[in-house]
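This report refers to the structure that appears directly beneath it.
Written out as structure tokens, the structure reads:
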């Protein structure tokens, strides 16, 4: 059967993902940048930033010269591959063969699939329109070869190339559409080759001598005369175990027996793969069609059936079997690799992290998972960004907690605006109004100036004051901006013990 390939290109992969998470940035120019040879280099630009001439490869300082209000976000290494992996797994609904095409695309072998959607055109439309509805800009093309589909998706005007017509389609494309290296492209540019059609018929020995063997391979792959293989992703088989019942189960004891059996089976598989459950769901399918379910979460990955059974058993009384349960199901929604038990926790020694994790799991089972949190320091200046939430006891801090400055016991997630009375600029306020209550300040200390990192700076600095009211309660306030540059705003950011 004739093979057909679809190339998907995501020109704004990273910035699209950021907009999905923060829609408020849609009209704002922003970029992702990472340090490189002593400079912050842009790795990805949003559509508004590109319209201003700010593109990947530029220095962030040069981009700020073009657009002073440019928002610069720190780049996360490996994010592209993680996003493409998720998109590739989503594409498995369209074809069983999907491969990553780093750093910004996917390759789908679609042989024998489009007819299920009514043909290649509706098939292509279904993929691109669905991705657009999810927030991703995507361009796609279908052809007989991976190389031709790749080039057409990025540089061509047609989206579907008829079978055996790839040669004609390639003629008008630029040489970069053949996936050539920068040195070869520079040599072609100096010789005046702006289209593939200008050199496609040059004798093979001449092309090899001028541009190397790699050029011939890429040209052959695009034309279909040279083989190109794919490395398709292997979808993770879901961690699900099912237990049908000979007769409907009506008792709590019967539910416990089913739970223990399913945990034994799924934990055996997890232990063989050296993985553990972090989040699990136990379901009971009732005779009337309704589903009863309970879920648990753990602080560390675990394949200990006894420990997991104790967590689930705390919630068994909430299951209502009604006319009876005919099918039980156990699913490990979140699974992580198991590492060797460490004998230290944070800076302490002699502690068993596994025992601590199991204790926290028991507490969470009784009081709720939302009552237990763990935080790690993060290298950022803004106080609300200087800590990060972590769900795993295996995570270790990348830096030390800063203890050289007094900080409030309760830091608000986001600073809250307040009204203040200030006698003179650069002085602490005499009083402030917070949530309808006016508080008189009798003691104050400060200011302490905190600014953002220079590559993220897009606003005025903060001047923090520690203040105390008449009743002895202490607060952490800050002034955003300077009086000589307008009317600054005041905020409450935390409470001291």
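In our numbering, the protein residues as written are 1070 to 1566.
Every residue, glycine too, gets a C-beta built ideally from N, C-alpha and C.
Whether residue i touches residue j by CB criterion (9 Å)
i	j	result
residue 1313	residue 1355	no
residue 1152	residue 1082	yes
residue 1234	residue 1250	no
residue 1168	residue 1302	yes
residue 1531	residue 1518	yes
residue 1551	residue 1559	no
residue 1190	residue 1309	no
residue 1143	residue 1101	yes
residue 1131	residue 1149	no
residue 1485	residue 1561	yes
residue 1307	residue 1158	no
residue 1339	residue 1222	no
residue 1536	residue 1514	yes
residue 1317	residue 1394	yes
residue 1285	residue 1266	no
Nearest neighbour of residue i, chosen from the options [CA to CA]
i	options	result
residue 1457	1348, 1474, 1351, 1482	1482
residue 1135	1124, 1144, 1143, 1142	1124
residue 1289	1199, 1137, 1544, 1217	1217
residue 1497	1506, 1449, 1516, 1507	1516
residue 1099	1138, 1243, 1078	1138
residue 1280	1247, 1102, 1311	1247
residue 1406	1362, 1433, 1556, 1342	1342
residue 1084	1193, 1160, 1283, 1205	1205
residue 1368	1297, 1321, 1325, 1441	1441
residue 1146	1113, 1360, 1184	1113
residue 1366	1432, 1086, 1296, 1119	1432
residue 1510	1528, 1521, 1543	1543
residue 1080	1119, 1479, 1294, 1091	1119
residue 1293	1325, 1232, 1253, 1258	1232
residue 1403	1508, 1361, 1346	1346
residue 1269	1186, 1291, 1536, 1193	1291
residue 1381	1327, 1103, 1358, 1360	1327
residue 1311	1284, 1096, 1351	1351
residue 1512	1499, 1520, 1506	1499
Residue i versus residue j - alpha carbon distance
i	j	result
residue 1566	residue 1539	15 Å
residue 1410	residue 1376	Because residue 1410 carries a pLDDT of 47, less than 50, the predicted location of this residue cannot be relied on, and the following value inherits that uncertainty. One C-alpha to the other measures close to 16 Å.
residue 1241	residue 1105	36 Å
residue 1387	residue 1337	27 Å
residue 1501	residue 1474	24 Å
residue 1470	residue 1110	29 Å
residue 1226	residue 1396	53 Å
residue 1071	residue 1344	41 Å
residue 1489	residue 1455	27 Å
residue 1330	residue 1304	26 Å
residue 1448	residue 1141	16 Å
residue 1237	residue 1116	32 Å
residue 1181	residue 1245	30 Å
residue 1323	residue 1428	27 Å
residue 1319	residue 1371	29 Å
residue 1364	residue 1392	22 Å
residue 1385	residue 1443	28 Å
residue 1194	residue 1155	20 Å
residue 1495	residue 1522	23 Å
residue 1207	residue 1252	28 Å
residue 1315	residue 1094	56 Å
residue 1260	residue 1296	29 Å
residue 1183	residue 1230	14 Å
residue 1187	residue 1445	52 Å
residue 1493	residue 1533	16 Å
residue 1166	residue 1480	49 Å
residue 1203	residue 1089	8 Å
residue 1506	residue 1520	30 Å
Environment of residue i [buried if 16+ CB atoms lie within 10 Å]
i	result
residue 1430	buried
residue 1170	buried
residue 1349	buried
residue 1129	buried
residue 1353	buried
residue 1287	buried
residue 1087	buried
residue 1452	buried
residue 1548	buried
residue 1554	exposed
residue 1335	buried
residue 1557	buried
residue 1185	exposed
residue 1133	buried
Rounded Cβ spacing between residue i and residue j (contact assumed at less than 8 Å)
i	j	result
residue 1563	residue 1477	3 Å
residue 1179	residue 1211	7 Å
residue 1264	residue 1243	6 Å
residue 1163	residue 1215	Contact flag wrong, Cβ pair sits at about 16 Å.
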